[in-house]
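Residue numbers (the numbering used here), protein chains in the order written: chain S, 29 to 347; chain F, 29 to 347; chain B, 29 to 347; chain D, 29 to 347. All C-beta atoms in this analysis are idealised placements derived from N, C-alpha and C, irrespective of residue type, glycine included. To start, the structure itself, in structure tokens.
Protein chains: 4
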Amino acid sequence: MKKIAVFTSGGDAPGMNALIRAVVRSSIAKGIEVFGIVGGFSGMIEGNIIKLGRKETANIISLGGTILKTSRSKEFMQKGGRAAAAEKLKNNGIEGIIACGGDGTFHGAHDIWEEHKIPIVGTPGTIDNDLYGTDYTIGFDTAINTAAEAIDKIRDTADSHGRVFIVEVMGRHAGFIAMDVGISAGAEFIAVPETVTNLDQLYQRILTQGKQQRTIVIVGEGDEVGGATTFAQILKDQYEIDAKVTILGHIQRGGSPTVRDRVLASHLGVASVEALLAGKTDVMIGEINSKIAYTPLKDTWSKKKPIHEYQIQLADILT
Amino acid sequence: MKKIAVFTSGGDAPGMNALIRAVVRSSIAKGIEVFGIVGGFSGMIEGNIIKLGRKETANIISLGGTILKTSRSKEFMQKGGRAAAAEKLKNNGIEGIIACGGDGTFHGAHDIWEEHKIPIVGTPGTIDNDLYGTDYTIGFDTAINTAAEAIDKIRDTADSHGRVFIVEVMGRHAGFIAMDVGISAGAEFIAVPETVTNLDQLYQRILTQGKQQRTIVIVGEGDEVGGATTFAQILKDQYEIDAKVTILGHIQRGGSPTVRDRVLASHLGVASVEALLAGKTDVMIGEINSKIAYTPLKDTWSKKKPIHEYQIQLADILT
Amino acid sequence: MKKIAVFTSGGDAPGMNALIRAVVRSSIAKGIEVFGIVGGFSGMIEGNIIKLGRKETANIISLGGTILKTSRSKEFMQKGGRAAAAEKLKNNGIEGIIACGGDGTFHGAHDIWEEHKIPIVGTPGTIDNDLYGTDYTIGFDTAINTAAEAIDKIRDTADSHGRVFIVEVMGRHAGFIAMDVGISAGAEFIAVPETVTNLDQLYQRILTQGKQQRTIVIVGEGDEVGGATTFAQILKDQYEIDAKVTILGHIQRGGSPTVRDRVLASHLGVASVEALLAGKTDVMIGEINSKIAYTPLKDTWSKKKPIHEYQIQLADILT
Amino acid sequence: MKKIAVFTSGGDAPGMNALIRAVVRSSIAKGIEVFGIVGGFSGMIEGNIIKLGRKETANIISLGGTILKTSRSKEFMQKGGRAAAAEKLKNNGIEGIIACGGDGTFHGAHDIWEEHKIPIVGTPGTIDNDLYGTDYTIGFDTAINTAAEAIDKIRDTADSHGRVFIVEVMGRHAGFIAMDVGISAGAEFIAVPETVTNLDQLYQRILTQGKQQRTIVIVGEGDEVGGATTFAQILKDQYEIDAKVTILGHIQRGGSPTVRDRVLASHLGVASVEALLAGKTDVMIGEINSKIAYTPLKDTWSKKKPIHEYQIQLADILT
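Here is the structure:
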């Protein structure tokens with residue numbers, strides 16, 4: 029293998045640039061050429077491929093987002109789109125690919141391997157942490173710290189006013205963000221899709237605290253009751269409690285990555301180049317107990333990664 | 029004057045604690061006793077008054093929110109409520125009061141002076157900066173930096189995706205926050221109540237940029253078109269442009285105050301004690317061109333503070 | 029067991045307050061009384077013991093430092109000092125103790141168990157991460173992020189000037205901080221006590237980069253060559269290179285804890301109460317692979333925790 | 029005037045990039061070409077001149093440092109060096125220059141105007157704030173916030189240990205940084221070159237506080253007694269007090285600029301292009317009371333900008 033390419037896809041996540049940098053430096057160290065596909069699968073179809081070197085990746089380790097841009101491509105979900113992409117890759121002499129993204133990205137990566145036999149390995153890049161096969165995904169640690177800092181600020185005003193604040197954090201299918209953020213924000217209530225959310229219990233906690241006290245409720249966007257706005261509406265309609273709503277939204281995706289995310293991304297970047305060179309394909313390169321783990325791409329979306337049991341207990345004891 | 033009290037009221041603002049600390053230390057230096065009224069006008073009516081000393085105000089200079097809590101009191105808007113409050117103050121021997129808040133607070137402060145002749149001076153504590161009689165209000169500098177940092181994060185993801193992002197910042201009656209934040213975020217469009225918002229112009233800018241490029245639009249919540257959600261709806265309905273919406277919300281109120289806010293609050297805190305002792309009442313203590321300025325409370329809400337002309341030009345040239 | 033106490037000792041670390049909070053809330057949930065010993069071993073000797081409840085520990089989860097203060101006590105290193113401390117504990121009815129600190133703290137804890145049979149468990153609270161028996165210590169994650177943020181700032185100025193900057197980070201006996209910080213700062217050279225530091229190699233890297241380019245060198249304070257000042261002196265004397273020195277110092281100890289540190293501290297706090305109640309003593313409560321692990325106190329200082337092998341490789345490939 | 033150039037020189041300061049961006053965008057709006065001189069006066073001598081456009085300056089408003097690099101050039105201090113630089117400028121068709129830096133930069137700018145009649149205006153870019161002719165310099169606001177945040181972290185550990193901490197901040201000739209930072213850190217003692225530093229007084233304050241309490245001393249590096257290390261030595265020798273020393277150093281120069289610095293830099297950038305086009309030369313473009321002010325370059329270093337009197341009083345009352 030003499031030429032490989034790296035791309036980022038789906039929602040961007042802090043640390044993707046650290047991964048790109050590690051892929052580039054480690055490829056150079058191994059004496060192979062490395063390219064970047066700009067704009068995810070769309071860029072692959074368009075053949076938007078650039079040479080990467082030390083200069084292009086200097087000083088990007090501390091930047092949020094991704095210098096290779098990202099996109100969601102409908103065309104790539106069709107066979108024809110993937111065939112066009114595969115041709116562009118072959119025309120450019122690309123012999124192996126490193127994909128960074130979430131399960132949508134891995135579906136596409138799996139298909140291109142199945143259909144066109146271009147070796148491809150995935151690396152987990154998503155703030156949601158909802159990928160089987162790795163303890164943490166790239167971007168998760170930054171996202172939870174960004175969210176916790178935001179909630180520390182909200183707590184200032186919540187304390188000053190003595191009110192109920194409902195804060196919605198990201199996580200469409202899993203409560204990882206809500207759980208870690210809720211525990212570390214010292215929230216009074218945490219709602220995640222993994223456990224049954226009992227609004228009567230929330231109401232009782234508000235009463236126990238006293239309506240004059242601040243109450244902070246963290247809601248994962250994927251909770252079965254609904255998002256923060258729904259929570260507030262129910263509190264109003266059923267319990268006559270006025271709550272303030274904040275939806276943290278896109279600030280959770282950005283920002284300079286934390287040390288954990290930079291080191292994890294560096295580790296996975298170096299390991300993914302080694303995996304390609306060792307002939308691995310159709311697998312995700314993850315980190316489990318600080319060691320590199322290989323998981324078939326299919327397992328990453330078909331198997332469910334659970335929240336740590338101890339966190340559910342902590343949420344119970346400490347809120 | 030031997031006993032004075034300080035309180036915070038209305039929306040909380042970072043720097044209120046620095047003001048409380050300065051009032052306390054400066055009172056002690058002048059040999060007078062100082063008290064805190066807990067919970068704004070509600071606390072005044074209830075007589076929730078505590079002694080303050082160096083110990084109670086140690087280490088609060090860096091804290092957001094207000095250790096004296098705040099509230100909005102309907103009762104105080106009635107003559108009877110104010111009479112009850114005045115009695116509580118007199119029973120506690122309070123001979124002068126320092127109020128920190130916005131125009132609602134100053135209305136109440138003015139009334140209690142008019143009706144009960146308890147000397148009272150106001151200090152401008154609101155993140156909105158919309159008070160006549162001071163260059164800046166306590167909390168404004170922190171709020172704009174918090175908002176700008178949040179938008180820096182959103183820009184990471186906006187750049188990665190190449191999309192239109194509409195971000196709503198606080199400021200119900202004035203565009204101070206939106207203007208400073210928009211200029212410093214390098215936004216492509218800034219909508220403030222002080223100028224006419226032209227959506228055709230925004231549409232043209234998006235087209236000029238290219239729909240594939242990121243476009244960041246900063247909307248002050250008081251803009252005549254409406255908030256960010258309305259903006260997005262219009263862009264969708266009239267121009268067929270999909271935009272992502274983020275409402276920064278309550279994170280703008282919290283957080284450790286910036287140096288500017290800590291120093292301003294300290295300056296105004298010391299000056300307000302001096303003003304009370306010098307027999308001043310019914311005035312707001314502000315800072316204009318780095319010097320203490322006294323403005324009749326009535327003027328603070330009846331006169332309009334304009335945005336700097338140069339900022340409107342900057343927004344035009346630089347966006 | 030009906031009454032337990034918690035204390036912090038040695039160097040303070042961010043997250044100690046989160047641990048105290050978790051100990052208190054979890055004790056209350058178990059129906060036992062919980063006390064705080066103020067000022068570490070000195071406070072134990074003086075009997076400086078206070079009752080802790082939900083109120084005393086509200087809102088401390090986000091605070092750096094330790095509300096229970098800390099100290100280094102020479103008196104406690106003598107048998108007499110420990111006997112005095114044990115008597116004070118018994119007089120107060122304390123039946124079990126949770127200590128949070130580093131190896132100095134654990135020596136003392138071990139001795140008081142050996143000599144006075146007061147059950148005691150340790151929790152790892154030190155920014156250095158150099159304790160055997162836990163993947164991470166409380167405070168480490170915050171310290172590395174603080175250091176990395178500081179170095180991101182230094183890189184701005186290093187890039188602008190194109191110079192050699194030598195930055196010293198904490199870690200007297202181990203290079204954990206230097207390694208993680210060096211990798212995530214994108215440093216050109218990392219010096220840790222665990223590997224041989226080759227200054228000729230550093231000189232070659234500076235030459236390869238070009239003397240006009242910025243070069244960032246991260247030095248752990250325990251490196252066998254010496255600290256940053258020594259490094260700069262040698263570069264000057266032996267290689268005629270002018271380098272700027274920054275010693276990060278005490279800022280690495282403070283600051284609001286990261287999510288990882290808050291969750292880790294909460295986990296260990298709850299587990300340490302359970303351990304005491306389950307009859308455990310003379311052990312440290314750590315976390316290995318996200319699970320609670322018990323390690324004899326003696327092992328925590330006599331066994332050596334190594335840096336991950338992969339990090340040494342990363343440092344080699346990526347710098 | 030059809031072609032102008034901008035450069036940064038001396039110590040870098042956060043906000044320099046915002047100035048460059050404003051110069052570029054405003055030049056484009058006026059229909060003139062704009063160039064960047066890379067590496068300050070050294071780059072001028074070497075003719076290291078690049079074309080700047082919207083693309084080169086996109087997204088730089090939030091970056092610390094300067095994309096145009098900076099340097100200190102001995103060659104430019106000679107007539108011959110300046111003649112070589114002037115020739116390079118003329119060869120490139122540069123008809124006017126905008127310099128961003130401190131008094132060293134302005135000396136050079138003044139000379140090149142005097143000797144070669146190339147129109148040049150200066151903009152105040154230095155974290156020290158010690159330039160006559162502007163209320164604030166670009167970079168100052170960021171530097172004081174960076175320093176205050178660092179000291180907030182040190183206070184965590186100072187409070188936990190109850191010790192004397194001496195923190196040295198930048199400012200070789202003026203105490204602006206030390207004064208603002210000291211007030212907002214709630215320091216117990218502030219030493220600046222503008223006032224007489226009385227160590228007996230410091231000793232008395234430490235005694236009053238109690239040696240067991242934390243005491244934070246902020247020392248400006250230009251204080252007549254000396255830096256933090258000298259302070260600690262004197263406290264040890266004369267008063268037998270052990271103090272911890274932290275020298276904040278280069279972290280004060282870097283980091284993403286605050287809103288104030290971004291807006292100030294944008295304002296001065298736009299105004300400096302207008303000044304050149306209006307035929308102004310040999311002046312610094314500053315901001316006084318929010319309005320643009322022109323000051324002969326010579327005055328910027330020969331006249332002394334004093335610290336606000338009220339700050340000296342605040343320091344006295346509040347420490």
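Beta carbon proximity, residue i to chain S, threshold 8 angstroms
i: Ser70 (chain F); result: no
i: Ala137 (chain B); result: no
i: Asn45 (chain B); result: no
i: Arg377 (chain B); result: Given that chain B is displayed from residue 29 to residue 347, the structure contains no residue 377 (chain B) and the question cannot be resolved.
i: Ile77 (chain F); result: no
Under 8 angstroms between C-beta atoms of residue i and residue j
i: Arg281 (chain S); j: Ile155 (chain S); result: yes
i: Ile244 (chain B); j: Ala215 (chain B); result: yes
i: Ala137 (chain D); j: Ile122 (chain D); result: no
i: Asp208 (chain D); j: Ile172 (chain D); result: yes
i: Ile126 (chain B); j: Thr151 (chain B); result: yes
i: Ile48 (chain S); j: Leu117 (chain S); result: no
i: Val287 (chain D); j: Lys58 (chain D); result: no
One or two residues paired with residue i in a DSSP bridge
i: Ile218 (chain D); result: D:Ile246
i: Phe104 (chain D); result: None, per the DSSP bridge assignment.
i: Tyr322 (chain B); result: B:Ile313
i: Ala206 (chain B); result: Bridge partners of Ala206 (chain B): none, in fact.
i: Val195 (chain S); result: S:Ile246 and S:Thr274
i: Glu61 (chain S); result: S:Lys31
i: Ile78 (chain S); result: S:Gly64
i: Ile126 (chain B); result: B:Val34 and B:Val149
Residue closest to residue i, alpha-carbon to alpha-carbon, out of the options
i: Ile88 (chain F); options: F:Glu252, F:Ser284 and F:Thr165; result: F:Ser284
i: Gly314 (chain F); options: F:Gly130, F:Ile340 and F:Arg110; result: F:Gly130
i: Ile60 (chain F); options: F:Ala213, F:Met29, F:Asp289 and F:Ser101; result: F:Met29
i: Thr174 (chain F); options: F:His135, F:Gly108, F:Ser212 and F:Lys116; result: F:Ser212
i: Glu103 (chain D); options: D:Ile95, D:Leu230, D:Ala113 and D:Thr94; result: D:Ala113
i: Ile246 (chain B); options: B:Gly238, B:Gly92, B:Gly132 and B:Pro221; result: B:Pro221
i: Ala86 (chain S); options: B:Ala57, B:Ala219, B:Asp187 and B:Phe168; result: B:Asp187
i: Asn45 (chain F); options: S:Ala256, S:Thr185 and S:Gln339; result: S:Thr185
i: Val52 (chain B); options: B:Ala299, B:Leu342, B:Leu91 and B:Trp329; result: B:Ala299
Residue-level contact to chain B via CB, residue i, 8 angstroms cutoff
i: Arg49 (chain D); result: no
i: Thr174 (chain D); result: yes
i: Ala178 (chain D); result: yes
i: Thr243 (chain D); result: no
CB contact check: residue i to chain D, cutoff 8 angstroms
i: Ile345 (chain F); result: yes
i: Ser188 (chain F); result: no
i: Lys102 (chain B); result: no
i: Ile166 (chain B); result: no
Chain F within 8 angstroms of residue i, Cβ atoms only
i: Lys31 (chain S); result: no
i: Lys145 (chain S); result: no
### Query
Should the stretch 225-238 of chain D be called in touch with the stretch 299-314 of chain D, which here means at least 3 C-beta pairs below 8 angstroms?
no
### Query
Is the stretch 142-157 of chain S in contact with the stretch 194-203 of chain S, if contact means three or more CB pairs nearer than 8 angstroms?
yes
### Query
Would you call the stretch 77-91 of chain F and the stretch 50-65 of chain F touching, i.e. three or more CB-CB distances under 8 angstroms?
yes
### Query
How do the stretch 30-45 of chain F and the stretch 317-333 of chain S stand: do at least 3 beta-carbon pairs fall below 8 angstroms, yes or no?
no
### Task
Evaluate contact between the stretch 291-305 of chain B and the stretch 262-278 of chain B, counting only Cβ atoms and requiring at least three cross-stretch pairs below 8 angstroms.
no
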